[in-house]
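Following my numbering, the numbering of the sequence shown begins with 1104 at its first residue and continues without gaps. Worksheet: the structure to be examined is printed underneath.
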Amino acid sequence: MQLARLKMWLLMTTVVLVGIGSARAQDWTPFGPSNVRYDLDLFAPPDLSAYADWPRPNEGFFFQYDRLYWSISGPRRTPIGQGGTALGFFNGPPQFDPTAQNPSLIVTPYASTADTGFIKADQVWGNRYELGFMEDNKGWLVSIMNLQKQTQQMIAGSTAATVGGLPAGQTIIFRDPQGLLFGFVDTNGDGVDDDLNSATLFNPPPGKFPAGTFGVFGRPLPANLNFNLAPPGSITPTTYAGFTDFGDEVALVPLFNSITAINQTSMVGTEIDRTWRYPTTKYGVWDGFFGVRWLLFRDVFDVLAINDTPSNGTVPVGLPGASFWDTTVDNNMFGPQLGFRYSHEVARFNIQCEGRFMAAINFQSTHLNGEIASALNPLTVDPINEPLLLVRTSFASWKYDETFSPVGELRVNVNYQLTKAVAIQAGYNAILGGGISRASRRIDYVLPALQINNFNKNDVFFTNGINLGITFNR
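The following block contains the structure:
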């Protein structure tokens, strides 16, 4: 309800703004009749004479261009995968005790080894164009800004198929509510899945399988070998001979040779403002403005995880082949804006300060697509060292959200008057906003198809840097 009321307030404010502009158009228009005559000698020497003890502000059309060199803050550090730890099977137990097998010798804890810490606030180039018109201390301002993509990449692990015969050791935790990572393993290469209780190690009841025979758990044996072991597809350890058999199925670890992640962030924006100039004093010139603004904050996060280990090898492979997921979030912020501009001239120098505040609705659009385990073959019967039930899976999803997004901006410039109408300037710019999403924080790492989570929709961003530019008649 609060968001709905806020949207209605923003809509009414925009309508009132347009109404004010339409009503005032009858007594003012930049293209209508005017008694003001402008001096078009733009390249004449600057007029440094005093008018009532302070310089006269410029009127008429003006234009300003700034070359931007800004940085965009990175997202909060987040694992590539679920946080915390999980249990999985790496290389099997080093020893076997049929009466007191320690489960920690079979499955060991692991964590997601890569995260988004590589995303920093790197500087990138951009442009800003401003044009407008001032007459009789009122006018219009149009501003257009774009910031190029801030691209950063991380490669973890090795691009080789194996390192010392094993994957490079990069792991990712996936939520697995359906037990799709469970499977049978063969770590000694004998063609039979690993079994923790050989019949040679205990005396089976009469009529059961003969001594010296390995139980191939989870698979049917000859009909004359009747025993109470796990049925096919079982993920529940079987109790037999007074102890728990942990050798039926185990959770395999999503182990990768390399994980490559790329993050791209960019910004574009437009604003239209009605401006008013207050009476000039010897302390400087004050302008106030009120208008509407649109700001697009786009964030892209792409991940490629590769496991080139042969599926018929002796290393359990959780997700063989290539797995990738690409996430894009468009934060479309739109709303009314209030602002001010102060300038003070000293000889050829002009010190300027501008401030803006926008109360925006952020229309968030999140897209996620990808594929899991490209090397899984759905025709494989009873796979060894691979998930038993998981198949190669492609996915694509989209989610729409709305949040309140306050945005504040500060500009500080110093320009130097070259001619009467031409000046060069340099300054600092900072933008602070909230209520946005970052792509790397909207991924739910769930199998078999990754999803967009419903959290992390109110993050904060900070953009700042320097600008160099030129102005005409402003």
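Think of the CB as a built atom: it goes at the ideal place given N, C-alpha and C, for glycine as much as any other residue.
Item                                                                                                                                                                      : Value
Is it the case that the Cβ atoms of residue 1192 and residue 1419 are separated by a distance below 7 Å?                                                                  : yes
Determine the DSSP secondary structure at residue 1611, reduced to helix, strand or coil.                                                                                 : No answer is possible for residue 1611: the residues shown for the chain start at 1104 and end at 1577.
Answer yes or no: do residue 1446 and residue 1401 have a C-beta to C-beta separation smaller than 7 Å?                                                                   : no
Using DSSP bridges, identify the partner residues of residue 1528.                                                                                                        : 1518 and 1572
Quick check on the DSSP output: the beta strand (DSSP E) that includes residue 1367 runs from which residue to which?                                                     : 1361-1380
For residue 1180, name the three-state secondary structure that DSSP assigns.                                                                                             : coil
Which two residues bound the contiguous beta strand (DSSP E) that contains residue 1390?                                                                                  : 1388-1410
Judging by CA-CA distance, which residue of 1526, 1464, 1544 and 1166 is the nearest neighbour of residue 1235?                                                           : 1166
Checking 7 Å against the spacing of the C-beta atoms, do residue 1074 and residue 1172 come in under that value?                                                          : Limits of the chain in this structure are 1104 at one end and 1577 at the other, which puts residue 1074 out of reach.
Between the region 1539-1553 and the region 1373-1380, are three or more C-beta pairs nearer than 8 Å?                                                                    : no
Using a 10 Å radius around the Cβ and a threshold of 16 neighbouring Cβ atoms, would you call residue 1169 buried or exposed?                                             : buried
Taking Cβ positions, are residue 1495 and residue 1471 nearer each other than 7 Å?                                                                                        : no
State whether the region 1376-1391 contacts the region 1240-1249, with contact taken as three or more CB pairs (one from each stretch) at a distance under 8 Å.           : yes
Using DSSP bridges, identify the partner residues of residue 1449.                                                                                                        : 1452
Which residue from 1469, 1489 and 1468 puts its Cα closest to that of residue 1477?                                                                                       : 1489
Excluding five sequence neighbours on each side, which residues of the same chain lie with their C-beta closer than 8 Å to the C-beta of residue 1131?                    : In this prediction, residue 1131 has a pLDDT of 45, which is less than 50 and means its spatial position is unreliable; what the coordinates show is noted afterwards. Excluding sequence neighbours, residue 1131 sits near 1238, 1239 and 1241.
Using the three-state DSSP reduction, which class does residue 1543 fall into: helix, strand or coil?                                                                     : helix
Considering only residues of the same chain and omitting the five flanking positions on each side of residue 1218, which have a CB-CB separation below 8 Å?               : 1180, 1181, 1182 and 1183
In chain order, what residues of the same chain have a beta carbon less than 6 Å from the beta carbon of residue 1405, not counting five sequence neighbours either side? : 1365 and 1429
From the DSSP output, read off the bridge partner residues of residue 1497.                                                                                               : 1474
Could you tell me the alpha carbon to alpha carbon distance between residue 1523 and residue 1451, rounded to whole angstroms?                                            : 10 Å
Can you give me the C-alpha to C-alpha distance between residue 1459 and residue 1393, rounded to a whole angstrom?                                                       : 9 Å
Where does residue 1275 sit, in a helix, a strand or coil, going by DSSP?                                                                                                 : coil
For residue 1214 and residue 1357, I'd like the C-alpha separation in whole angstroms.                                                                                    : 10 Å
In the DSSP assignment, find the beta strand (DSSP E) that holds residue 1282 and state where it starts and stops.                                                        : Looking at the DSSP string, residue 1282 is not in any beta strand (DSSP E), and its letter there is neither H nor E.
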